[in-house]
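In what follows, a structure is listed as structure tokens, so that the remarks can point back to it.
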Amino acid sequence: MLSKLFNFFNFFPTAHCDVAEPWQLAFQDGASPSFDGIVDLHDQIMFYLVIIVIGVSWMLGTIIIKFNTRTNPIVYKYFTHGTVIELIWTVTPALVLVAIAFPSFRLLYLMDEVIDPAITVKAVGSQWFWSYEYSDYISDSGEPIAFDSFMVPEADLEEGQFRLLEVDNRVVLPVDTHVRFILTGSDVIHSFAIPALGLKLDAIPGRLNQTSTFINREGLFYGQCSEICGVNHGFMPIVIEAVSLEKYLAWLNEQLN
Amino acid sequence: MSDEIKIETAPFDARFPNTNQSKHCWQSYSDYYKCINARGEEFTGCKQFFKTFKSICPNEWVAKWDEQREEGTLPFKVTV
Amino acid sequence: MIRALARPAVRITQRRCASTSATTPAVQLQNIESRWATLSAQEQSSVAKHLEQIQAGEWTKMTTEQKKAAYWVAFGPHGARTPLTGPGHALKVAAGTTAVVGAAGALFLWIRSKGGEKPTTMTKEWQEASNEYARANKINPISGVSSEDYKGTGFVSSSKN
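Chains as they are written, first to last, in the UniProt record's numbering: chain A, 1 to 257; chain B, 1 to 80; chain C, 1 to 161.
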């Protein structure tokens with residue numbers, strides 16, 4: 001219904017990035033525990049948000065309707081203070097902030113934990129592509145797996161593929177496995193972001209940032225560089241292909257040989 | 001080949017609990033070369049350091065340090 | 001503080017008013033609301049002074065004209081109470097806003113008309129293929145295109161091929 005409405009008003013269809021669907025308003029479908037945590041936090045904060053919106057609108061509306069110059073022409077010159085009401089409207093927002101802060105910190109520290117990863121993937125941001133390294137395994141020639149991942153230009157896309165989102169070499173990862181990402185940049189600051197996994201972390205030159213994910217379903221997950229990194233900032237997407245462990249091992253073998 | 005692949009990586013290290021793992025990489029690299037300089041390349045105890053820095057350090061960093069080590073311009077000590 | 005500074009000035013004008021009003025006995029009060037703006041500052045203050053003197057006495061003895069004039073001088077829309085906007089102001093604002101927004105829209109359309117062609121991915125055929133591709137790759141399987149009983153249009157947003 002809503003999408004029909006939007007399509008009706010959509011005089012200038014635009015190309016939508018990400019695998020957010022056209023005119024999508026809510027989150028993408030999640031695929032990791034951190035994403036579920038983010039959605040939970042969003043819903044919790046939305047509870048307070050609705051209360052605040054209703055309360056503030058009610059006060060504002062009352063003031064506009066009941067205290068405008070037409071309905072209430074006499075100004076009470078000395079009616080300027082109300083200690084009780086001021087206490088209420090100072091303490092209540094403080095309590096609301098505390099109530100929002102606790103679940104927020106809980107999630108923040110939960111997402112920070114990288115306890116027991118099984119795979120480490122290094123992602124190095126460069127102008128303007130991502131390079132990935134899998135160095136847990138050494139190939140027969142002694143070389144670790146390393147490849148660059150460039151965006152597929154529009155002319156080379158196969159029909160149905162997503163413009164500005166497809167890459168030539170995808171990051172292949174197994175599902176239901178703790179994966180550690182080590183992120184760094186080779187020239188300027190980039191940011192590694194995959195909405196469906198709830199991942200977003202800056203890739204900073206000279207620094208190794210660690211984050212982790214646990215993909216709980218197979219599929220394709222699209223992301224984009226999320227830190228302005230130069231003219232082609234918008235043209236260095238990230239694609240993660242989540243596969244079963246068997247397929248992952250087969251892919252590793254292929255890469256190593 | 002498939003049987004040889006073990007899904008394992010550098011484990012959590014309580015010395016480096018933060019998001020920033022730069023020190024983790026550097027510590028493992030220098031520990032490995034200190035280890036083999038002291039005990040020789042065949043010493044199995046050094047393998048863990050090797051695996052850790054391989055997993056954590058970007059190849060570019062390792063390549064740069066290797067080069068500096070060979071030239072003798074490494075800005076930190078790996079001899080014991 | 002400001003009041004303290006202003007007070008001497010008021011006193012001077014009042015004193016002068018008192019001396020002038022003595023020489024000009026007849027103060028015209030008819031249609032004071034239409035004439036007020038044409039009066040000089042001195043005349044205005046003499047009218048005010050005159051009314052003040054009248055009001056110092058019995059209010060019940062005031063004529064309707066005097067009452068009207070006294071009300072006008074005290075509360076009428078002049079001086080600090082002059083309305084900020086004249087008649088038809090709202091219409092002017094509405095017209096101006098419409099003109100500016102319209103100009104922006106025209107500029108937008110003009111720039112778009114000079115733009116290049118739409119990407120090849122924006123055809124209906126491609127977007128339908130995108131739906132197939134998404135389903136094959138299990139994209140958005142919970143609430144999106146790949147979900148069971150999906151009713152929406154997925155990636156299809158263009159009607160033209």
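Note that beta-carbon positions come from the ideal geometry of N, C-alpha and C, so glycine has one too.
Requested in this report: Find the residues of chain A that neighbour residue 96 of chain B, judging by a C-beta separation of less than 7 Å, and give them in chain order.
Outcome: Since the displayed chain B opens at 1 and closes at 80, residue 96 of chain B lies outside it and no answer follows.
Query - C:Val145 to C:Gly154 span [Cα, whole Å] - result: Here the question's residue 145 of chain C lines up with position 145 in the third sequence. Here the question's residue 154 of chain C lines up with position 154 in the third sequence. Each residue's alpha carbon lies about 5 Å from the other.
Query raised in the report: Do you know offhand how far B:Glu67's Cα is from A:Pro103's?
Result: To locate residue 67 of chain B, count along the second sequence from 1; it is residue 67. To locate residue 103 of chain A, count along the first sequence from 1; it is residue 103. The straight-line gap from Cα to Cα measures roughly 48 Å.
Requested in this report: Closer than 6 Å by C-beta to A:Gly185: which residues in its own chain qualify, once you throw out the five before and the five after it? Chain order, please.
Outcome: The sequence position of residue 185 of chain A within the first sequence is 185, counting from 1. Contacts found: Gly125, Ala203, Ile204 and Pro205.
Requested in this report: Tell me whether C:Ala37 is buried or exposed, calling it buried when 16 or more other Cβ atoms sit within 10 Å of its Cβ.
Outcome: The residue labelled residue 37 of chain C in the question sits at position 37 within the third sequence. Taking all protein chains in view, the Cβ of C:Ala37 is surrounded by fewer than 16 other Cβ atoms within 10 Å, so the residue is classified as exposed.
Requested in this report: Would you mind working out which of B:Glu41, B:Asn59 and B:Phe49 sits nearest A:Leu183, comparing C-alpha positions?
Outcome: Against the first sequence, residue 183 of chain A aligns to sequence position 183. Of the candidates B:Glu41, B:Asn59 and B:Phe49, the one whose C-alpha sits nearest the C-alpha of A:Leu183 is B:Asn59.
**Report entry** A:Gly223 classed as buried or exposed, judged by whether at least 16 other C-beta atoms fall within 10 angstroms
**Finding:** Residue numbering aside, residue 223 of chain A sits at position 223 when the first sequence is read from its first letter. It is buried - the Cβ of A:Gly223 has at least 16 other Cβ atoms within 10 Å.
Query - Contact with chain A by C:Ile32, beta-carbon distance below 8 Å - result: On the third sequence, position 32 is the one that residue 32 of chain C refers to. So, not an interface residue.
Query raised in the report: Within the 8 Å Cβ cut-off, does A:Arg170 reach chain C?
Result: Translated into the one-based positions of the first sequence, residue 170 of chain A becomes position 170. No, because no Cβ of chain C sits closer than 8 Å to the Cβ of A:Arg170.
**Report entry** Alpha carbon of A:Met151 to alpha carbon of A:Met236, nearest angstrom
**Finding:** Taking the first sequence and counting its residues from 1, one reaches residue 151 of chain A at position 151. Taking the first sequence and counting its residues from 1, one reaches residue 236 of chain A at position 236. Distance between the alpha carbons of A:Met151 and A:Met236 is about 6 Å.
Query raised in the report: What residues from the segment 207 to 236 of chain A come within 8 Å of chain B, judged by C-beta to C-beta, listed N to C?
Result: Arg207, Leu208, Asn209, Gln210 and Thr211
Query raised in the report: In terms of DSSP beta bridges, what is A:Asn209 paired with?
Result: To locate residue 209 of chain A, count along the first sequence from 1; it is residue 209. Partner residues in the beta bridge of A:Asn209, as assigned by DSSP, are A:Leu183 and B:Asn20.
Query raised in the report: Which of helix, strand or coil does DSSP assign to B:Met1?
Result: In the second sequence, the residue the question calls residue 1 of chain B occupies position 1. The predicted position of B:Met1 is uncertain, since its pLDDT is 44 and thus under 50; no value can be drawn from it.
**Report entry** Residues bridged to C:Gly152 [DSSP beta-bridge criterion]
**Finding:** Against the third sequence, residue 152 of chain C aligns to sequence position 152. In the DSSP output, where bridge partners are listed per residue, C:Gly152 has none listed.
Query - Chain-ordered chain A contacts of B:Glu8 [CB-CB under 8 Å] - result: Mapped onto the second sequence, residue 8 of chain B falls at position 8. The contacting residues are Ala118 and Asp136.
Report task. Show which residues of chain B have a CB atom less than 7 Å away from the CB atom of A:Arg180. Result -> Translated into positions along the first sequence, residue 180 of chain A becomes position 180. Under the 7 Å cutoff, chain B gives Thr9.
Requested in this report: Just the C-alpha distance for A:Asp176 and A:Arg217, rounded to the nearest angstrom, thanks.
Outcome: Counting from one through the first sequence, the residue named residue 176 of chain A turns up at place 176. Counting from one through the first sequence, the residue named residue 217 of chain A turns up at place 217. Rounded to whole angstroms, A:Asp176 and A:Arg217 show a C-alpha spacing of 8 Å.
Requested in this report: Taking C-beta pairs closer than 8 Å, name the residues in chain B that A:Pro93 reaches, listed in chain order.
Outcome: In the first sequence, residue 93 of chain A corresponds to position 93, counting from 1. The contacting residues do not exist; A:Pro93 stays about 31 Å from chain B at best.
Query raised in the report: For the alpha helix (DSSP H) that C:Ser34 lies in, which residues bound it at each end?
Result: Position 34 of the third sequence, counting from 1, holds the residue named residue 34 of chain C. C:Ser34: member of the alpha helix (DSSP H) spanning Ile32 to Arg35, first to last residue.
Query raised in the report: Would you call B:Lys51 buried or exposed, if buried means 16 or more other Cβ atoms sit within 10 Å of its Cβ?
Result: Reading the second sequence from its first residue, position 51 is the one you call residue 51 of chain B. With 16 or more Cβ atoms within 10 Å of its Cβ, B:Lys51 is classed as buried.
Query raised in the report: How is A:Ser241 classed by DSSP in three states: helix, strand or coil?
Result: Locating residue 241 of chain A in the first sequence gives position 241, where the first residue counts as 1. The sequence shown places Glu at residue 241 of chain A, rather than the Ser named in the question. A:Glu241: strand per DSSP, three-state reduction.
Query - Chain-ordered chain B contacts of A:Asp40 [CB-CB under 7 Å] - result: Taking the first sequence and counting its residues from 1, one reaches residue 40 of chain A at position 40. Per Cβ cutoff of 7 Å: no residues; A:Asp40 is ~22 Å from chain B at best.
Query raised in the report: Is there contact here, the segment 129 to 137 of chain A with the segment 70 to 79 of chain A, by at least three beta-carbon pairs under 8 Å?
Result: no
Report task. Please classify C:Gln28: does DSSP put it in a helix, a strand, or coil? Result -> On the third sequence, residue 28 of chain C is found 28 positions in, with the first residue counted as 1. C:Gln28 falls in the coil class under three-state DSSP.
Query raised in the report: In chain C, which residues lie less than 8 Å from A:Leu165 when you measure between Cβ atoms?
Result: If you number the first sequence from 1, residue 165 of chain A lands on position 165. Under the 8 Å cutoff, chain C gives no residues; its nearest Cβ is about 10 Å from A:Leu165.
Requested in this report: Closer than 7 Å, Cβ to Cβ, to anything on chain B: give me those residues from the segment 93 to 117 of chain A, in chain order.
Outcome: Result list: Asp112, Val114, Ile115, Asp116 and Pro117.
**Report entry** Cβ-based neighbour list, C:Met122, same chain, cut-off 7 Å, excluding 5 preceding and 5 following
**Finding:** Along the third sequence, read from residue 1 onward, the residue named residue 122 of chain C stands at position 122. Ser158, listed in sequence order.
Requested in this report: Compare the beta carbon distance of C:Ser143 and A:Asp29 with 8 Å and say whether it is the shorter of the two.
Outcome: As a working note, residue 143 of chain C is residue 143 in the third sequence. As a working note, residue 29 of chain A is residue 29 in the first sequence. Contact flag set, yes.
Query raised in the report: Does the distance from the C-beta atom of A:Asp116 to that of A:Phe129 stay below 8 Å?
Result: Looking up residue 116 of chain A in the first sequence gives position 116. Looking up residue 129 of chain A in the first sequence gives position 129. No, the Cβ-Cβ distance between A:Asp116 and A:Phe129 is not below 8 Å.
**Report entry** Local Cβ density within 10 Å of C:Ala4, reported as buried at 16 or more and exposed below that
**Finding:** By 1-based counting over the third sequence, the position of residue 4 of chain C is 4. The predicted model places C:Ala4 with a pLDDT of 48, which falls under 50 and marks its position as unreliable; any figure quoted below should be read in that light. Under this definition C:Ala4 is an exposed residue.
Query raised in the report: How should A:Thr120 be labelled, buried or exposed, when 16 other C-beta atoms within 10 angstroms of its C-beta is the threshold for buried?
Result: Within the first sequence, numbered from 1, the residue matching residue 120 of chain A stands at position 120. Its Cβ being crowded by 16 or more others within 10 Å, A:Thr120 is buried.
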